[in-house]
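In full-length UniProt numbering, the protein residues as written are 1 to 116. Taking it in order: structure first as structure tokens, then the write-up.
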């Protein structure tokens with residue numbers, strides 16, 4: 001998504017500390033090594049990229065998107081006009097994210113599914 005939208009500064013947020021700890025030093029988690037390799041490969045294509053842990057209550061949007069997608073209620077192609085049902089979450093988390101970072105960074109939330 002970040003590359004498709006030509007974002008130059010991206011901050012990925014996750015409430016899964018194991019994922020963040022594996023991404024930053026290029027560690028391993030056997031169950032998701034292929035995914036980690038993809039993350040490292042794509043992150044090298046973004047000029048400025050960061051990965052941070054956030055509390056679960058700051059990552060509600062990712063979990064709601066995952067839930068909607070799993071239940072078939074989310075179109076896979078929305079980048080400009082998000083579904084009405086998540087607009088309030090987007091606004092709320094954008095405000096929290098602004099308070100956590102400085103500069104002109106885009107923030108993307110990441111959901112952690114079964115890797116604890």
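All C-beta atoms, glycine included, are put in the ideal place defined by N, C-alpha and C.
Using 8 Å as the threshold, is the segment 37-47 in touch with the segment 80-87, meaning 3 or more CB pairs across them? no
Report the rounded CA-to-CA distance for residue 114 versus residue 53, giving the unit in angstroms. At residue 114, the pLDDT of 41 sits below 50, so the modelled position is not reliable and the matter cannot be decided from this model.
Which residues mark the beginning and the end of the alpha helix (DSSP H) in which residue 39 is found? Residue 39 -> alpha helix (DSSP H) spans 33-43.
For the ligand ZN, is there a heavy atom less than 7 Å away from the beta-carbon of residue 33? The ligand ZN is not part of the structure shown, which contains no ligands of any sort.
Inter-stretch contact (C-beta, 8 Å, three-pair minimum) for the segment 14-26 and the segment 46-60: The segment 14-26 vs the segment 46-60: in contact.
Since residue 48 sits in a beta bridge, which residues does DSSP pair it with? 9
Check whether residue 15 and residue 67 have beta carbons under 8 Å apart: no
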